[in-house]
Amino acid sequence: MILINSSPKDALKIFQPFLPIFVPVGVGCLLAACEQAGIKAQFIDEQVEDRMLDRVAEYVRTLEKPYIFAFSVLTAGFKNAVSASKELKRCYPDSVILFGGIHPTAAPDEVIAFDHIDAVIRGEGERPLIEFYRCVKQGKDFTHISGLTYKAGGHIVHNDMSDIIEDLDDYPPFPYHRFTSGKYDLGFVLSSRGCPYRCIFCSNRITTGKKYRYRSAESIVDELEMLYNKYSRRYVLFIDDNFLVSKKRTYTLMEEIKKRGLHEKMTFNFQARGDNVNYELLTDLYDSGFRSIFFGLETASEELMKTVKKGETVAECVTAVRMSKKIGFHVSATFIYSLPGETHRDRMDCVRLSNELDLDMVRFNNATPYPGTELYDIAVSENRLCVKGLYENFNSVSTFIENPFSKIPFSYVPAGNSEEEIRMDILLSYLVFYLDFSRLKSIFASPDKGVGWFNAGEEIFEFLRKIPALFLMGGLLSIKFGELFLYTFIGKKTSLSFREIYSLFRERRDARKHIHQIVKDHTA
Ligand code: B12
Ligand code: SF4
């Protein structure tokens, strides 16, 4: 069997050279399950593989027929997965094409409708994939497998899903040894799955579920120790959907980290919600080696916070960020623009808030109604869903990363707004926040901070090699910002005015002065 991660190579467009390539985590989990079951499985990651067909030809020489090509698919990679699988079916007509992952789980009918796709496995794939493999190899019927979607007599059949695996320690450990080609950053750990909240824009729970499940502290810290000793990782990102859902487990984990002295040798990053932290917990986390937090702030409007059903308030998030900064954490955050009911003023309030909070890094994303989310249903019901091709425009960071000469249409624009207006607001937000020497320096100097952020090169040679791409990116960004000023000047496509831009910059300066004064008073 060959597992294929079909994330496109250029998903991050002009920023691609500067973002670390991440291990395809779902594929890794499946490889571990295969290894444990004694199944020979290879993988191909299209993020880093130029010649997929050659690689397949090389691998199939060592495999027995029928070949199984199992694709792991996010929405952004759907187009790639469809064309690659079509090509494989053409070259190996008696092979079995299987799709799994978040997009096929959310939209199985759409996926199985392709003639060349034989089956979809929905949800977590570790157990059903093994069963599927055994049935196919032994020539047995596989249509009874839980979570399977298949075609029969011109109809689409969806088998019920089996119960989720409650104890994550029942799954085998993550196979870091399969990703040691030097292309990947191995500094990550998946310590829990699932999230009990119901934010309308989030598709995390489509595969991992609403129930929060976590691994034992021993197994997590064994993994941290292994990453330190075997792979020389000094900082590790916890990629959990929601790291702090259970305080009890967080304290057990912190105790284990300290018991083994890792808090003195390593630093850790994680993503959390504002309402899940308090001063004592944050201080304890800091003392246990945690140094960088990522908060999904999403909006500065309490009204919109209710719309997105985040289940927390802006005030709670603000308090959480302030506490984290005071303790000494590096704090990153995201805001989502283009939410239902949002206005230009709401967006500008987000820029103000990011400055007032003196965040270390911010991303201003555009709301993307991924299939399976409530936002998708809203976009459909408002008749405002825009799907280009096979979801090629479904990209939540498109405004910043797109090439100004081939813009990516938004997948959703709320009533009362225009796409170009939101695009200009996103660009201005980035400009106001990042046109600041200390913030830019912090990005270049700290590749270990934040979640999958900007990496201009950890070593001088790597940095030098990236200089031409850096110039190209700088040129393209200048064109985008030039466009922003042009539209503001001619009063078209944006409701921004130079007066408003000036006042945002002035407020930023005042906010920073205010913060520096607080820090000074505090130190005194
Ligand atoms: C860590 C993470 C990242 C990391 C690493 C991503 C990676 N390559 O794994 C980074 C920071 C790089 C990242 C980037 C992006 N991410 Co991300 N990311 C996550 C996060 C938080 C955890 C992923 C994870 O580890 N999951 C745990 C494993 C166990 O779950 P899994 O990957 O789904 O795999 C299981 C099942 O799906 C299934 N399965 C998977 N593949 C297959 C294949 C077969 C054949 C079978 C049978 C089963 C199967 O079995 C697996 C094991 O149980 C998820 C949220 C989530 N819960 O998944 C978002 C998430 C996957 N990301 C998302 C997005 C949108 C992105 C970006 C496009 C954002 C952007 N515009 O920059 C990029 C694109 C990255 C890329 N090149 O593909 C979305 C995807 C939405 C969608 N419908 O596609 C998610 C769901 C978050 C969200 N916004 O809702 N991401
Ligand atoms: S955005 Fe975060 S808190 Fe909300 S459902 Fe997704 S993982 Fe949970």
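According to this note's numbering, the sequence shown is numbered sequentially starting from 10.
Backbone N, C-alpha and C fix where the C-beta goes; we use that ideal spot for every residue, glycine too.
So is residue i buried or exposed if we call it buried at 16+ other beta carbons inside 10 Å?
i, result
"residue 62", "exposed"
"residue 319", "buried"
"residue 509", "exposed"
"residue 512", "exposed"
"residue 265", "buried"
"residue 477", "exposed"
"residue 14", "buried"
"residue 52", "buried"
"residue 489", "buried"
"residue 65", "buried"
"residue 90", "buried"
"residue 382", "buried"
"residue 367", "buried"
"residue 418", "exposed"
"residue 444", "exposed"
"residue 189", "exposed"
"residue 251", "buried"
"residue 351", "buried"
Do you know offhand how far residue i's Cα is from residue j's?
i, j, result
"residue 154", "residue 448", "52 Å"
"residue 345", "residue 185", "33 Å"
"residue 19", "residue 88", "13 Å"
"residue 333", "residue 339", "8 Å"
"residue 242", "residue 194", "9 Å"
"residue 312", "residue 436", "24 Å"
"residue 227", "residue 182", "12 Å"
"residue 365", "residue 399", "40 Å"
"residue 80", "residue 33", "12 Å"
"residue 178", "residue 224", "6 Å"
"residue 297", "residue 257", "15 Å"
"residue 487", "residue 503", "18 Å"
"residue 485", "residue 429", "17 Å"
"residue 505", "residue 493", "9 Å"
"residue 535", "residue 357", "With the chain covering only 10 through 533, there is no way to say anything about residue 535."
"residue 248", "residue 500", "43 Å"
"residue 151", "residue 416", "44 Å"
"residue 104", "residue 134", "20 Å"
"residue 427", "residue 497", "15 Å"
"residue 537", "residue 168", "Residue 537 falls outside the range modelled here, since the chain spans only 10 to 533, and no answer is possible."
"residue 128", "residue 314", "39 Å"
"residue 423", "residue 204", "27 Å"
"residue 117", "residue 331", "43 Å"
"residue 460", "residue 277", "The predicted position of residue 460 is uncertain, since its pLDDT is 43 and thus under 50; a value taken from the coordinates is nonetheless stated next. Approximately 11 Å, taken between the alpha carbons."
"residue 495", "residue 362", "26 Å"
"residue 537", "residue 412", "Because the chain in this structure spans residues 10 to 533, residue 537 falls outside the shown range and cannot be described."
"residue 536", "residue 211", "There is simply no residue 536 to check, as the chain begins at 10 and stops at 533 in what is shown."
Among the options, which residue has its Cα nearest to the Cα of residue i?
i, options, result
"residue 393", "450, 384 and 242", "384"
"residue 378", "172, 353, 354 and 404", "404"
"residue 245", "312, 171, 256 and 233", "233"
"residue 292", "337, 283 and 278", "337"
"residue 408", "497, 439 and 275", "439"
"residue 115", "209, 326 and 131", "131"
"residue 375", "420, 388 and 316", "420"
"residue 176", "221, 520 and 147", "221"
"residue 96", "125, 427 and 148", "125"
"residue 306", "289, 282 and 299", "282"
"residue 396", "85, 180 and 141", "85"
"residue 161", "108, 121, 91 and 171", "121"
"residue 42", "187, 354, 171 and 203", "187"
"residue 482", "515, 347, 238 and 410", "410"
Assuming residue i and residue j make a contact with CB atoms under 8 Å, what is their CB distance in whole Å?
i, j, result
"residue 303", "residue 329", "Not confirmed; about 12 Å, so no contact."
"residue 285", "residue 253", "4 Å"
"residue 94", "residue 56", "Not a contact, Cβ separation roughly 17 Å."
"residue 327", "residue 208", "Actually they do not touch by this definition, with Cβ atoms about 18 Å apart."
"residue 111", "residue 216", "6 Å"
"residue 12", "residue 40", "6 Å"
"residue 49", "residue 72", "7 Å"
"residue 360", "residue 230", "Residue 360 to residue 230, Cβ: 40 Å. No contact."
"residue 301", "residue 431", "Residue 301 to residue 431, Cβ: 29 Å. No contact."
"residue 145", "residue 158", "Going by Cβ atoms, the distance from residue 145 to residue 158 rounds to 16 Å, so no, they are not a contact pair."
"residue 295", "residue 271", "That pair is no contact at about 14 Å."
I'd like to confirm something about residue i: is its beta-carbon nearer than 6 Å to some heavy atom of the ligand HEM, or not?
i, result
"residue 177", "With respect to the ligand HEM, the structure offers nothing, as its ligand set consists of the ligand B12 and the ligand SF4."
Just to confirm the assignment: which complete beta strand (DSSP E) runs, minimum length 3, are found wholly within the stretch 202–279? 244–247
If you scan the stretch 50–123 from start to end, which runs of the alpha helix (DSSP H) of 4 or more residues do you find wholly inside it? 61–69, 87–100, 111–115 and 117–121
Whole runs of the alpha helix (DSSP H) within the stretch 329–379, excluding any shorter than 4 residues: 353–365
What are the uninterrupted segments assigned as beta strand (DSSP E) that are 3 or more residues long and contained completely in the stretch 118–163, given in chain order? Complete beta strand (DSSP E) runs here, min 3: 128–130 and 157–161.
Considering only residues of the stretch 282–336, which uninterrupted beta strand (DSSP E) runs meet the minimum length of 3 residues and lie entirely inside it, listed in chain order? 299–307
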